[in-house]
Amino acid sequence: MTSESMPSPAPRRSTRREQILAAAAELFAQRGFHGVGIDDIGSAVGISGPGLYRHFRSKDAMLGEMLTDISEKLLAGGQQRVDDAADAASALAELVRWHVDFALDNRALITVHERNLANLTEADQRRVRTLQRQYVEVWVEVIRKAVPSTDEPTARAAAHGVFGLLNSTPHSKHLDRDAMAVLLQRMAMAALTTPGSLTGLSPTASEAQRR
């Protein structure tokens, strides 16, 4: 049998743990972490509330795994795209595209990620914040290579500013998914690469007067 005639492998079915985490993310995004009980999550996946304890020891453990997982995926996916890029400009474009696609395809997770760091246990907070810092550093390095005149503090501030734009996707309901992806990619790239956008940031006299 040739490779052309061989059937494609079947898509991997999500595990029960993944199903539980996906349902919990939707509920946490809609109602907030403290507005959701174990029974609510169990009902969403057809398991009794106590039955969930065979998979997770607590609701806190669910949140910890959820936010650690999203942070690991963002870091690994972003780094892979940078490693595969031909040059710094391509790396920046791919990094933006990666984050846009992730945010648009995981809206509930992005909402939970933005709102619930303070609800993590201390150990999980340390783990997630370490991963977040590493992800920011990937962006800082790529921005400085793609826009060589950018100093480190400006690159870091620019990365956080772009995250704010791209992570607003859960609230973006005016365009379909593909159109929103194009819009966000163009806006982010314009903010980062328009000549002079990351340099000469001291306000002019007229800009200072408008403040």
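Residue 165 in UniProt numbering sits at position 165 of the sequence shown; the count goes up by one each step and never skips. Every residue gets a Cβ at the ideal spot worked out from N, C-alpha and C, and that includes glycine. Given the structure is predicted, the values throughout are model-derived calculations rather than measurements.
Next item on the list: Have a look at T15 and M187 and give me their C-alpha separation to the nearest angstrom.
Entry: The straight-line gap separating the alpha-carbon atoms of T15 and M187 is approximately 37 Å.
Check: So, helix, strand or coil for G78, using DSSP?
Finding: It is helical.
Notebook entry, point to check: T150: buried (16+ other C-beta within 10 angstroms of its C-beta) or exposed?
Noted result: The residue in question, T150, is buried, as its Cβ has 16 or more Cβ neighbours within 10 Å.
Check: Looking only at C-alpha atoms, which of A23, R57, I70, A103 sits nearest to G42?
Finding: When only C-alpha atoms are compared, the closest one is A23.
Notebook entry, point to check: For the alpha helix (DSSP H) that contains A123, what are its first and last residues?
Noted result: Its alpha helix (DSSP H) spans residues 122 to 146.
Notebook entry, point to check: Taking all protein chains shown into account, do 16 or more other C-beta atoms lie within 10 angstroms of the C-beta of P7, making it buried, or fewer, making it exposed?
Noted result: Below a pLDDT of 50, predicted positions are generally treated as unreliable, and P7, at 48, falls in that range; no measurement from the model is reported.
Margin query: Under 8 Å: do the segment 148 to 167 and the segment 57 to 68 share three or more Cβ pairs, one atom per stretch?
Written below: The segment 148 to 167 makes no contact with the segment 57 to 68, as fewer than three CB pairs between them are under 8 Å.
Note to self: Rounding to the nearest angstrom, what Cα-Cα distance links G196 and A190 in this structure?
What the structure shows: The alpha-carbon atoms of G196 and A190 are separated by roughly 11 Å.
Next item on the list: List the endpoints of the continuous alpha helix (DSSP H) containing L109.
Entry: Per DSSP, the continuous alpha helix (DSSP H) segment holding L109 begins and ends at 107 to 115.
Checklist line | L74 classed as buried or exposed, judged by whether at least 16 other C-beta atoms fall within 10 angstroms | finding: Buried is the call here.
Next item on the list: On a CA-only basis, which of F33, Q30, G32, F56 is nearest I20? Give me that one, please.
Entry: Nearest C-alpha to I20: F56.
Notebook entry, point to check: What is the residue span of the alpha helix (DSSP H) that S197 lies within?
Noted result: Unbroken run through S197: none, as it is neither H nor E.
Check: Relative to the alpha-carbon of H160, which residue among V140, G49, E26, D87 has its alpha-carbon at the smallest distance?
Finding: Among V140, G49, E26, D87, the Cα nearest to that of H160 is on V140.
Next item on the list: Mark T111 as exposed unless 16 or more other C-beta atoms lie within 10 angstroms of its C-beta, in which case mark it buried.
Entry: The C-beta of T111 has 16 or more other C-beta atoms within 10 Å across all chains shown, which makes the residue buried.
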